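Contents: one structure, followed by commentary.
Numbering (this note's numbering), first residue to last: 25 to 140.
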């Protein structure tokens, strides 16, 4: 299991890469605001995401796991809703930012497991 510090740093990195790569996904804030957004994203991924995955398990099975993208997009949308300095222009930007954040988190998680 990855430590919470690694998850937080991974989420900050993921937000930054999504900001750089996805047009329409904007984070205008100070370093502290980036850190707060990363912490909240990590906390939502550790608490809310498992609950949503448990509740929607049949749908996840029926869609062969693709519904997890919807769950991840909901988590990113919650961060957008919570902070005025995070802005998602449209649904396409939300989906692409979700995919970028998911890929970065997967890479960070795999890298952290190989170090352990």
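The beta-carbon is built from N, C-alpha and C at its ideal position, and this holds for glycine as well.
Keep in mind that this is a model prediction, so the values were computed, not measured.
Option in the options with minimal Cα separation from residue i
i	options	result
residue 53	107, 35, 47	107
residue 101	74, 88, 69	69
residue 42	122, 99, 27	122
residue 98	119, 47, 132	119
Alpha carbon of residue i to alpha carbon of residue j, nearest angstrom
i	j	result
residue 80	residue 64	22 Å
residue 125	residue 29	17 Å
residue 49	residue 129	17 Å
residue 44	residue 103	17 Å
Residues near residue i by beta carbon distance below 8 Å, same chain, minus five either side
i	result
residue 58	36, 39, 40, 51
Close beta carbons around residue i, own chain, < 6 Å, minus the five adjacent residues each side
i	result
residue 31	66
residue 134	none
Where residue i falls, given that 16 or more other Cβ within 10 Å makes a residue buried
i	result
residue 4	The structure shown does not extend to residue 4, since the chain spans only 25 to 140, so no value can be given for it.
residue 112	buried
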